[in-house]
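Heads up: the sequence shown is residues 2 to 282, going by the working numbering.
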Amino acid sequence: MLIYGKEVRDAIKAEIKKYAAVNRMHMVILQIGEDPASQMYVNGICKFADETGVDADILKLSAGNSQEQIIHIIEYMNNDPDITGIMLQKPLPPGFSLEVLANVIDPYKDVEGITNYNLGKLISYEQGIRPATPKAILTMLKAHNIPIEGKKVTILGRSTILGQPLAAMMTAENATVTICHSKTVNLVEETKRADILVAAVGKPNFVTPDMINEDVVVIDAGINFDEEGRMLGDVHPEAKEKARIASAVPGGVGLITVAELFRNLVYLKEEQIRRQREKTR
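Here it is in structure tokens:
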């Protein structure tokens with residue numbers, strides 16, 4: 002059975018629209034260079050912003066800019082009180098360091114939760130911003146009443162913006178978590194043990210039917226494009242047919258990810274209001 006994200010996304014959208022009606026929020030998306038998958042995600046963000054009354058601007062920069070120039074731009078935005086949240090669109094072109102640029106962003110404007118400060122709060126189980134895609138995965142599971150506590154969760158991919166944060170968040174939900182990557186020995190044995198399998202490797206149709214059991218819940222967080230421009234997930238359609246439950250691509254996690262990004266923006270706005278009140282006391 003395929004599960005989708007539209008109903009969940011629409012419910013969150015209504016929350017954001019209600020909040021934005023009385024609280025002005027402004028997000029700036031910093032986009033360096035060109036990437037088809039990246040542009041599709043950015044378009045989705047701008048559409049969501051337009052439909053909820055949130056100000057969203059794209060700052061498009063050439064890959065010919067130096068990293069030092071990008072750092073100065075981010076620092077300028079950090080000091081602009083009109084900006085609620087800053088997003089650094091990925092992937093970055095060659096020659097740019099995500100770790101360096103992400104950590105220039107003020108943690109209180111880090112709408113994606115990717116600074117070391119916010120990731121540190123995540124792994125120490127403190128309240129704070131969480132990366133949007135891991136949040137979306139948990140939201141999707143809970144919205145479809147899929148238990149997490151006590152389950153064996155296997156995550157394919159160990160990126161600092163998806164795999165590793167998701168592992169920490171799943172652990173906080175009392176799941177038993179395994180992270181698999183390119184050096185994992187006997188990968189199929191690991192994936193077959195999973196109660197919940199999350200694919201986030203960025204390789205189209207990577208997960209095949211022989212890699213899963215029939216009772217597994219598969220969450221496909223992959224966004225890939227074939228030569229004809231069609232979006233493909235990391236999980237082969239035949240594997241999704243075999244699984245008890247599987248998330249759709251397109252129409253699954255990606256829809257909720259955009260919504261969760263705006264939930265993060267609301268969190269940043271609330272923190273901004275709280276800190277301002279503390280200053281005026």
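No residue lacks a Cβ here, since even glycine has one placed at the ideal position from N, Cα and C.
If you're wondering where the values come from, they're calculated on a predicted model, not measured in any experiment.
Residues that DSSP places opposite residue i in a beta bridge
| i | result |
| --- | --- |
| F207 | Partner(s): none; F207 has no beta bridge. |
| I283 | Outside the displayed span of the chain (2 to 282) sits residue 283, for which this structure offers no information. |
| C181 | L157 |
| K297 | Residue 297 lies beyond the range of the chain shown here (2 to 282); nothing can be said about it. |
| M1 | With the chain covering only 2 through 282, there is no way to say anything about residue 1. |
| N146 | N146 pairs with nothing; no bridge assigned. |
| R200 | Going by the sequence as given, residue 200 is Ala instead of Arg. For A200, which the question treats as bridged, DSSP gives the partners L157 and D221. |
| F226 | M232 |
| I274 | In the DSSP output, where bridge partners are listed per residue, I274 has none listed. |
| L3 | A247 |
| D111 | I87 |
| D51 | Partner(s): none; D51 has no beta bridge. |
| D56 | H27 |
Beta-carbon proximity of residue i to residue j, cut-off 7 angstroms
| i | j | result |
| --- | --- | --- |
| V29 | D58 | yes |
| P95 | G34 | no |
| S248 | I220 | yes |
| T85 | L269 | yes |
| Y109 | E279 | no |
| A168 | I156 | yes |
| E261 | K136 | yes |
| L120 | A103 | no |
| A201 | L256 | no |
| G54 | V259 | no |
| I147 | V218 | yes |
| N214 | V112 | no |
| M212 | T185 | no |
| D216 | R245 | yes |
Candidates the options, of which the one nearest residue i by Cα
| i | options | result |
| --- | --- | --- |
| I71 | I106, N265, G253 and Q40 | I106 |
| A144 | L262, P251, E8 and T155 | E8 |
| K91 | A240, Q40 and K19 | Q40 |
| D36 | N146, F226 and V189 | F226 |
| E76 | E228, M141, V101 and G6 | V101 |
| E69 | T179, I87, L99 and S160 | L99 |
| F263 | P132, Y5 and L198 | P132 |
| E52 | L60, Y20, S63 and L62 | Y20 |
| G158 | Q128, K122 and K204 | K204 |
Assumed close pair residue i, residue j - CB separation to whole angstroms, cut-off 8 angstroms
| i | j | result |
| --- | --- | --- |
| G114 | I130 | 4 angstroms |
| T134 | V267 | Rounded, the Cβ-Cβ distance is 17 angstroms, inconsistent with contact. |
| Q32 | V43 | 6 angstroms |
| M141 | I4 | 7 angstroms |
| A222 | V189 | Their Cβ separation, rounded to whole angstroms, is 20 angstroms, which puts A222 and V189 out of contact at 8 angstroms. |
Is the segment 172 to 185 close to the segment 145 to 155, with three or more CB pairs under 8 angstroms?
Three or more beta-carbon pairs drawn from the segment 172 to 185 and the segment 145 to 155 are found closer than 8 angstroms, and the two stretches are therefore classed as touching.
Are the segment 236 to 256 and the segment 197 to 211 touching, with three or more C-beta to C-beta distances below 8 angstroms?
yes
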